[in-house]
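Numbering of the sequence shown is given in UniProt numbering, commencing with residue 1 and proceeding in unit increments.
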Amino acid sequence: MPARSRARKRALDILYESEMRGLTLGATLSHRMATAEQPLNEYTVQLVEGVIAHRERIDELISTYAEGWTLERMPAVDRNLLRIGVYEVLYRDDVPDPVALDEAVSLARDLSTDQSPTFVNGLLGRLVAIKPSLSA
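Encoded structure:
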């Protein structure tokens, strides 16, 4: 698995853990950084910090474009995958949009429900299509 793919998976683990334990993202990231046997990949840290910094806007976009779903009703894995994907699409110029989309769909396929890859692909694909009209 390529380094950035592993970094995305690790970022998803941190976001998911934070949510399941009811902790703040920053606290979970700090704890992981302090207790990890090996240092966290720099890109993992950037992803989690990016989601923290832009969470309000990211969640607003997910809520707006997730047809028939609220954030609360989505599987936690999907919700956090989408947060990473939206962050990469809108705020990371070094990640091509198709790569961000493919990576999110791949993680959804491996870690979530049978319907999740289609859902994640559809929502992120819609955001990529309208990206020029979105303000970050």
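Note that beta-carbon positions come from the ideal geometry of N, C-alpha and C, so glycine has one too. On a predicted model such as this, the values are computed, not experimentally measured, just so you know.
Contact defined as beta carbons within less than 8 Å: I believe GLU19 pairs with ASN80. What is the distance between those atoms, to the nearest angstrom? For the purposes of this step, residue 19 is taken as the residue at position 19 of the sequence shown. For the purposes of this step, residue 80 is taken as the residue at position 80 of the sequence shown. The pair is a contact, with the Cβ atoms about 7 Å apart (cut-off 8 Å).
Between LEU134 and ILE84, how many whole angstroms is the CB-CB distance? I'm expecting something under 8 Å. By 1-based counting over the sequence shown, the position of residue 134 is 134. By 1-based counting over the sequence shown, the position of residue 84 is 84. Not quite, the Cβ-Cβ distance comes to about 17 Å (not below 8 Å), so this is no contact.
Under three-state DSSP, which class holds ARG73? Residue mapping note: residue 73 aligns to position 73 of the sequence shown, counting from 1. Coil, per DSSP.
Could you check whether the Cβ of ARG73 sits closer than 7 Å to any heavy atom belonging to the ligand PLP? Absent from the structure shown: the ligand PLP. Ligands present: none.
If contacts are defined as beta-carbon pairs under 8 Å, then ASP97 and VAL128 qualify, I think. What distance do you get, rounded to the angstrom? Here the question's residue 97 lines up with position 97 in the sequence shown. Here the question's residue 128 lines up with position 128 in the sequence shown. The Cβ separation is near 5 Å, so the contact holds.
Helix, strand or coil at LEU134 [DSSP, three-state]: Here residue 134 is taken as the residue at index 134 of the sequence shown, counted from 1. Three-state DSSP puts LEU134 in coil, outside helix and strand.
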